[in-house]
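Presented below is the structure to which this report refers.
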Amino acid sequence: MGFLESVALYNFLRGPMVWITFIIFIVGSIYRIYTLINLAKKEKVVLPFINIKAAIKSWLHWLIPFASRNWRLKPYFTTFTFLFHTGIVFVPIFLYAHNALWYESWGISWWTLSETVADVWSIFVIIGCLFFIGRRIFDPTVRFVTSYSDFVFVFICLFTFLTGFLAHYQWILPYRAMLNLHIMFGEIMLIAIPLTRLTHMYYFFFTRAWMASQTAIWKIKDW
Amino acid sequence: MAIKLEISEEKEVYRSSYFPEYVRPKIYDPGLDETIKRLTPEKIEKAYQAVFGKETARIKAIVETCIHCGLCAEACQWYLSNDRDPTYAPVAKVKMTAWELMKRKGKVDAGLVYDIARIVFTECNICHRCSLYCPFGLDITFIIGLVRRFCFLLGVVPQRMFDQNQTFMATANQVWMSQSDYIDTLFWREEEGMYELKNLRIPMDKEGVEVVWFPLAAEPKTGPYHIDRIAKIFQVAGVDWTMVTMNDYWDSSNMPMFIRDFFTMQRIVKGLYENAARLRAKKLVLTE
Amino acid sequence: MGYKEIPFEVMHPGEFYYELLVSGRLKIDPAKKIKEPVTLHDPCNVIRRAGAAEKFRYIVEQTCEDFREMYPNREHNFCCNAGGGLSSLVQWYSHEARGNRVKAEQIMATGAKIVIVPCHNCTTGIKSIINYYKLPVKTMFFDELLVNTMYIPEEMLPEEG
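Residue numbers (my numbering), protein chains in the order written: chain A, 2 to 224; chain B, 27 to 314; chain C, 10 to 170.
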């Protein structure tokens, strides 16, 4: 327990590790997007058929809860997945504590969430994680196609939010240890985004655009 | 449709050695059961390299985006009809075929090729419904098509499908119908139809028409009434139309597409296209 | 997706019949309209990949009096299960029919006596479902539908005898 609580670990995670994380995250993301577009250029049948108007419509319909047929067919899943995904993107950005860090380092800050909203939203994200894990274990269809990496992704998100929440209320572990864990998992998550299938965060827009363009040629809607 | 369904109602069960969940009734198909005996690991790997070897954007995007959420399952009629059997879900089909091949880099044995061929040829209709239900809009059928191509390169294709492909190669239609038989059938239908509609005509190879109608090969062969029905409709509506008898390219079905034999597929499309272009048609109406 | 610019339109007969009906070249005889309840199967190739759903519905509504939709319909329809080359696989017919119970349930839920199937391939599939599950329905093509219901001018009818 001593190591987790140590200031040395905290300094490492707050110092060089942050830089490494952000460099990997930003450079990796740009690289992933760039290579995909570059590969698509080589295939003659992809880019000439992309229809931006259809793609935007399709993005909107799939990014708004219950706007597409499959979202309506699965109301529970839709609720959890939207709370989870919006939470995982917006809570870290607009959290007051994170903003304070930005302010400390570079003197920038922006609009923040109130504490209650952030807490409730984090709890929803945690519930969403548990829902996904439950689905992967108890739904035979999903269980059949689940690999270990799928669990790992969900657990990374779960631990990041859980440790952050617990650190804020200083439960279970001492504050310093929990905070170190929280920073560590957060950094792992950011690094994992460009390196693993978590890139679906970016690729969503590409694959959706492709299908939307195809269905636009077929004169139907893909939502 | 006098097919005896009892023939294939066998009680024997096939169990995949790779996926314990994959249990199906045993159905004998020489195209699958006999051809896998000819396979060698080298052949399989070569076919794998030919299809999946080159990294392409579409395969990459599909494989790296799929988060295994299983939302596509509800879209598949196979899945819904078989009491939500997990092995019938589209994502499971992709998992058992393309992912398995990619995971093993094509180093697989004939048993897996049998499973793969059975999944992609007899358990997927390439209906594209799953793509409308995937939150990422992944083109699952594209992957199934690639795997079909892989199976075709190995020659592991259900017998009837392969047979039809060869029919297309030889005669450019799916029923071994020669040009003279075809013309004869058209004359015969014209004659029959005349009793129901005065001066019924089935024009052949008329240039500069409004519509060229390409039938399905099964129409002159097993359902000839379709031809005079169409002729009657066009005659009553006063459409300037024609049918094509030249160059053998008159069958609008394109069975080679189903096993991804690109060469024959292109030949057929090109043949139809050129026939229509030669007749300077404004519209091409393919059969129902 | 090969040819981007084709010098002629490629259409399904259903789309062409729709043009004929809309432009008034083909007229429907109201007395001959089909009275039995009908339903329409949406073939994947024409509906999901060419968006002809509304045109087909127009034809059916013009020629039939009691049209009942299947649910889900249009581009969300279920496949006939003969697509992708399965229609030719005789050895697998019962496998194929077992794999499409939802379609049988869909058809029965409408209570229709006739299923209009504007696709040869789909007809094979639907017929194998009908045979396997012993459904009290029959299939019908658009051409049959139109030949039976269209208005034929007097001068086109053959002389008696």
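The beta-carbon is built from N, C-alpha and C at its ideal position, and this holds for glycine as well.
Bear in mind the structure is a predicted one, so any value in this text is a computation, not a measurement.
Query: From the DSSP secondary-structure annotation, give me the bridge partner or partners of GLU70/C.; Result: Bridge partners of GLU70/C: none, in fact.
Query: Residues of chain C with a CB under 9 Å from the CB of TRP202/B: which are they?; Result: What TRP202/B touches in chain C: nothing, since even the nearest Cβ is about 14 Å away.
Query: Leaving out five residues before and five after GLU47/B in sequence, what residues of the same chain have Cβ atoms less than 6 Å from its Cβ?; Result: THR113
Query: Against ARG57/C, what residues of chain A qualify as contacts under a CB-to-CB distance less than 7 Å, listed in chain order?; Result: TRP219 and ILE221
Query: At which residues does the alpha helix (DSSP H) containing TYR204/A begin and terminate?; Result: 201–218
Query: Against chain A, which members of the region 240–257 of chain B pass a CB distance test of less than 7 Å?; Result: none
Query: Secondary structure at TRP112/A, three-state DSSP: helix, strand or coil?; Result: coil
Query: By Cβ distance below 6 Å, which residues in the same chain neighbour ILE294/B in space, the five residues on each side in sequence not counted?; Result: ASN280
Query: Taking the beta carbon of LYS54/A as the centre, do at least 16 other beta carbons fall within 10 Å, making it buried, or is it exposed?; Result: exposed
Query: GLU84/C: buried (16+ other C-beta within 10 angstroms of its C-beta) or exposed?; Result: buried
Query: Given GLU24/C, which residues of its chain have a CB within under 6 Å of its CB, disregarding the five upstream and five downstream residues?; Result: ALA61 and LYS64
Query: Kindly indicate which three-state DSSP category VAL19/C falls into: helix, strand or coil?; Result: strand
Query: Taking any Cβ of chain C, which residues in the region 72–91 of chain A have a Cβ under 8 Å from it, in chain order?; Result: none
Query: Could you tell me whether the Cβ of ARG70/A comes closer than 8 Å to any Cβ of chain F?; Result: The chain labelled as chain F is not found among the protein chains of the depicted structure, namely A, B and C.
Query: Identify every residue that forms a DSSP beta bridge with MET117/C.; Result: In DSSP, MET117/C forms no bridge with anything.
Query: Are the Cβ atoms of TYR140/B and ILE53/B separated by less than 8 Å?; Result: no
Query: Output the distance between the C-alpha atoms of ILE194/A and GLU188/A, rounded to the nearest integer angstrom.; Result: 10 Å
Query: Three or more beta-carbon pairs under 8 Å between the region 150–162 of chain C and the region 113–129 of chain C, yes or no?; Result: yes
Query: Should GLY135/A be labelled buried (16 or more other beta-carbon atoms within 10 Å of its own) or exposed?; Result: exposed
Query: Is MET159/C close to chain B, meaning its C-beta is less than 8 Å from at least one C-beta of that chain?; Result: yes
Query: Give the residues of chain B in contact with ASN109/C, contact being defined as C-beta atoms less than 7 Å apart.; Result: GLN103 and SER107
Query: Applying the criterion that 16 or more other CB atoms from any shown protein chain within 10 Å of the CB defines a buried residue, is LEU155/C buried or exposed?; Result: buried
Query: Tell me whether LEU98/C sits in a helix, a strand or coil according to DSSP, three-state version.; Result: coil
Query: Within 10 angstroms of its Cβ, does GLU32/B collect 16 or more other Cβ (buried), or is it exposed?; Result: Confidence at GLU32/B is low in this model, with a pLDDT of 48, below 50, so its placement is unreliable and no value can be given for it.
Query: Counting pairs of beta carbons, one from the region 297–307 of chain B and one from the region 30–42 of chain C, are three or more of them closer than 8 Å?; Result: no
Query: Closer than 9 Å by beta-carbon distance: list the chain B residues that pair up with ALA1/A, in chain order.; Result: Outside the shown range of chain A (2 to 224) lies residue 1/A, about which nothing can therefore be said.
Query: Does the beta carbon of GLY96/B come closer than 8 Å to any beta carbon on chain A?; Result: yes
Query: With 7 Å as the limit, tell me which residues of the region 114–131 of chain B have their beta carbon closer than that to any beta carbon of chain A; keep them in chain order.; Result: ALA115, VAL117, ALA118 and LYS121
Query: Quick one: what does DSSP say VAL77/B is sitting in, helix, strand or coil?; Result: helix
Query: Taking C-beta pairs closer than 8 Å, name the residues in chain C that VAL320/B reaches, listed in chain order.; Result: Chain B is shown from 27 up to 314; residue 320/B falls before or after that span and cannot be answered.
Query: Flag this pair as yes or no: are the beta carbons of GLY33/C and CYS153/B separated by less than 8 Å?; Result: no
Query: Check whether the region 32–42 of chain A and the region 75–88 of chain B are in contact - that is, three or more C-beta pairs closer than 8 Å.; Result: yes
Query: Is the region 212–224 of chain B in contact with the region 113–125 of chain C, if contact means three or more CB pairs nearer than 8 Å?; Result: no
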